[in-house]
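A short write-up of the structure that comes next.
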Amino acid sequence: MSSKKPVFKDSFKEYFESLIPGELDSFIESCKKPLLESIRVNDLKITSKKLKENLVKQGWEIEDVPFYENALIIKKRTSSLGNTLEHFTGQFYVQEQSSMIPPLVLNPKSTDTVLDCCASPGSKTTQLSNMMKNKGIIVANDMGLGRVIILSSNLERMGCENVIVTNGNGNRFSNFPEMFDKILLDAPCTGYGAIRKDWSIAKMFNPKSYKFLANIQKDLLRNCWTALKPKGEMVYSTCTLTKEENEDNVIEFLERNPDAKIENIKLKGFEKHRGIGLKESIRIWPHRIDMEGFFIAKLVKK
Amino acid sequence: MRYNELRKREVDTIKDLLLENYGFVTPKSWMLYYLGKEKVWILKEEFFNLPLEKFNVETMGFYLCHFEHNIFRLSIQGAQIVGETATKNILDISLKDAWELLRGFDIDKETNLEATYIILRTEAGIIGVGKNHKTKILCQIKKNRRVRNLN
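Listed in order, the protein sequences are those of chains V and Y. For the first sequence, position 222 matches number 222 in the numbering used here, and the numbering has no gaps at all. Take the position in the second sequence, starting the count at 1, then add 1000; the result is the number in the numbering used here.
Below, the structure written as C-alpha cells:
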C-alpha cells in the first residue's frame, strides 16, 4: 500500500452515497480490505490443474475462480508471486479477477483481428492471446513508450506470438476504418475501483479528474468505433466506479451512434452485478463482490 | 521500429545452427525478420495484411535469438520453443542452480555438452540458455528479467 491510512474525503463520501444510498459504510470498509491475490494460468504452457498441483506441492493454498477455469485464487503462498520459476517461465500472470472479465466478454476467435487500444502492462492482451491460442492478430497499443516496453516484456514472458505492439495515441485508430473484428477499450480512468490496491487513489478524488477523463474516454470510444468492422464487437471497460466514466459514457455513445447497440453480458455469477441504469453491463462494487471495482459494457456494430 | 527480412543465406545459417546445436528442425512457416540490428524475430504472415508502416510498431511476433557474426544465442522464449523438441545440448539443472542463475550468478557445473549456448531445463520448465564454459555455466539472463530477492 502506498498510503499508510486510507483517507476518504467528504466529497468522495457524498458522491458515492448518491450512487449507492445506504451502502456507503460497507463500500468504504471494503476499500480498506486488501484484494484477494489471483493469478491467470497460461494454458499455452501448462494446464490449470498441473500448475495448481505444482504450487500446492510447494505449500501454497489455492482455490478455483468460479467464473473462469484458467484463474486461481491464492489463499496462502510460500514465496512472493513474482519470485517463482513458474512466473519467470510465463506459466502464470498475476492478475486481479475482475480484470479477467473484459477479455472473457470480448471472447475473440483464433481467426480475429483484435485491437487492444490501451494495452499496457498486458494482463488482458496476454489473456486475449491465450484465448486465441496464439493465432489471429492482436494489435496492442499504448501511448507511453515506457509502458510499451513493459508490455513487450510481459508478452515475451508469456510466449505471445500473435501480437503487434504499437506506440501512440489510441485516437489515431480512426485512420484505419473497419479494420478490426473486435476491440477491447480498457480506457484510462480515475481508478477508484483499485483503491484496495492503492489507498492513495481515494485521497485524489476530484470531480475535475473524472470529468476530464470522461472526455478522453468519449474520444477513444468514438475513434475506436470507426476502426471496428460492421458486425464487429467492442468491449468498453474501466477500473473505476464513477457513473460519468462508465454508464454515462456508454449511454451518450449509444445515443450518438445509431449503428451501435449494447449487448447483454451473460457471465455466470454476475447476473445481479449490473450497471446503474444500464442492465446489460456489469458493474463490480467491491463491497458486493470481493474483487477490484470494475465496469464492463459490450457494444455491437450493426 | 525498422524491420527487415533476413536474406536467404542468413535464414539458412540459422536453420543450420538450430539443427546442428539442438537437433531442432525449423518449421517451414517461420518468417524470420530483424527487428533492430541483431535481434531475430519470428513474424506471422498475417501481420503483413495490416498497414504496419502506419502503425508505429515497437515489436511484433516473438523474439527468437540474437544473431551476429559469431554469436547465436536463443532468447528465453526461443529456448522454450526450441527446447520443446530439441534433442541435444540441453542441460537439466536443479532448482537451486536455477535460482542462482535467475539472480544473475554463474553456476559451477561440469558438462561435456558442445554448444556454446546450452538450453537450461528445470523441473519447472526451460529458463533460457547459459553460456557453456565446460566447468561453469555463465548467466545469460538479462538484468530486467532477473529476480532480485527470494522473499
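Idealized CB from N, CA, C, for every residue including glycine. Note that this is a predicted model, so its numbers are computed, not measured.
| query | At a cut of 8 Å, does the region 190 to 210 of chain V reach the region 272 to 279 of chain V through at least three beta carbon pairs? | reply | A contact between stretches requires three or more CB pairs, one per stretch, nearer than 8 Å, and the region 190 to 210 of chain V fails this requirement with the region 272 to 279 of chain V.
| said: My parser needs the beta strand (DSSP E) runs of 3 or more residues fully inside the region 1011 to 1069 of chain Y; what are they? | reply: 1031 to 1035, 1039 to 1043, 1057 to 1060 and 1062 to 1068
| For V:I251 versus V:K298, is the C-beta spacing smaller than 8 Å? | no
| request: Have a look at Y:E1005, Y:K1134 and Y:L1120 and flag the residue whose alpha-carbon is nearest the alpha-carbon of Y:Q1077. | output: Y:L1120
| request: May I have a chain-ordered list of the beta strand (DSSP E) segments no shorter than 3 residues that lie completely inside the region 83 to 131 of chain V? | output: 92 to 94 and 113 to 116
| query | Is Y:Q1140 buried or exposed, if buried means 16 or more other CB atoms sit within 10 Å of its CB? | reply | buried
| field | Nearest-angstrom beta carbon gap, V:P103 and V:M131 [assumed within contact, 8 Å] | value | 6 Å
| task | Measure from the C-beta of V:T47 to each C-beta in chain Y and report whether the shortest distance is under 8 Å. | result | no
| Anticipated Cβ contact below 8 Å, V:E156 with Y:Y1117, distance rounded | The distance from the Cβ of V:E156 to that of Y:Y1117 is about 18 Å, inconsistent with a contact at the 8 Å cut-off.
| query | Is V:R40 closer than 8 Å to V:Q127 when the C-beta atoms are compared? | reply | Contact: yes.
| said: Is the separation between the beta-carbon of V:G193 and that of V:L241 shorter than 8 Å? | reply: Yes; because the gap between Cβ atoms is below 8 Å, this pair is in contact.
| field | Reference Y:I1042; option with closest CA among V:Y236, V:V300 and V:C160 | value | Checking every option, the nearest Cα to that of Y:I1042 belongs to V:C160.
| field | Residues, ordered as in the chain, of the region 1045 to 1066 of chain Y that lie near chain V by beta-carbon distance below 9 Å | value | E1046, F1047, N1049, L1050, P1051, L1052, K1054, F1055, N1056, V1057, E1058, T1059, M1060, G1061, F1062 and Y1063
| request: Please name the residue or residues paired with V:N206 in a DSSP beta bridge. | output: Looking at the DSSP assignment, V:N206 forms no beta bridge with any residue, so it has no partner.
| query | Going by DSSP, what residues sit across from V:V300 in a beta bridge? | reply | V:V300 is bridged to V:E233 and V:K261.
| Buried or exposed: V:P286, going by 16 or more other Cβ atoms within 10 Å of its Cβ? | buried
| task | With DSSP collapsed to three states, give me the class of V:V303. | result | Outside the displayed span of chain V (1 to 302) sits residue 303 of chain V, for which this structure offers no information.
| Within 8 Å (strictly less), CB to CB, does V:Q307 reach chain Y? | As displayed, chain V neither begins before 1 nor continues past 302, which places residue 307 of chain V out of reach and without an answer.
| field | Contacts that Y:N1144 makes with chain V (C-beta to C-beta distance below 8 Å) | value | S153
| request: Throw me the rounded Cβ distance for the Y:L1006 and Y:L1035 pair, which I believe falls under 8 Å. | output: About 11 Å; that fails the 8 Å criterion.
| Cα-Cα separation between V:V165 and V:K135, rounded to whole angstroms | Taking the straight line joining both Cα atoms gives about 15 Å.
| query | How about V:F295 and V:N264: are their beta carbons less than 8 Å apart? | reply | no
| query | Mind pulling the alpha helix (DSSP H) runs of 4 or more residues that sit fully within the region 1086 to 1125 of chain Y? | reply | 1095 to 1102
| request: Determine whether the Cβ of Y:V1082 lies closer than 8 Å to any Cβ atom of chain V. | output: no
| query | Does the region 1092 to 1105 of chain Y come within contact of the region 1019 to 1033 of chain Y, defined as at least 3 CB pairs closer than 8 Å? | reply | With the cut-off at 8 Å, the region 1092 to 1105 of chain Y and the region 1019 to 1033 of chain Y do not touch.
| query | Roughly how many angstroms lie between the CA atoms of V:I20 and V:F173, to the nearest whole one? | reply | 36 Å
| query | Should Y:D1016 go down as buried or exposed, given a rule of 16 or more other Cβ atoms within 10 Å for buried? | reply | exposed
| field | Same chain, Cβ closer than 7 Å to V:V163, five either side skipped, listed in chain order | value | T125, S129, I138, A140 and L155
| V:G54 - containing alpha helix (DSSP H), residue span | Checking the sequence shown, residue 54 of chain V turns out to be Asn, not Gly. If you look at V:N54, you'll find it in the alpha helix (DSSP H) that goes S48 to K57.
| If you drop the 5 nearest sequence neighbours on each side, which residues of the same chain put their C-beta closer than 8 Å to that of Y:F1047? | M1060 and G1061
| task | With a cut-off of 8 Å on the beta carbons, I'd call Y:I1127 and V:T89 a contact; round off their distance for me. | result | 6 Å
| task | Return the first residue and the last residue of the alpha helix (DSSP H) that V:S26 is part of. | result | L24 to K32
| V:K182 - partner residues in DSSP beta bridges | V:V114 and V:E233
| said: Need the endpoints of the alpha helix (DSSP H) that V:V41 sits in, please. | reply: Segment E37 to V41 is the beta strand (DSSP E) holding V:V41; no alpha helix (DSSP H) there.
| message | DSSP has V:F253 in a bridge; who is on the other side? | response | Paired residue(s): none; V:F253 is not in a bridge.
| For V:I164, does the three-state DSSP call read helix, strand or coil? | Residue state for V:I164 is assigned as strand, using DSSP reduced to three classes.
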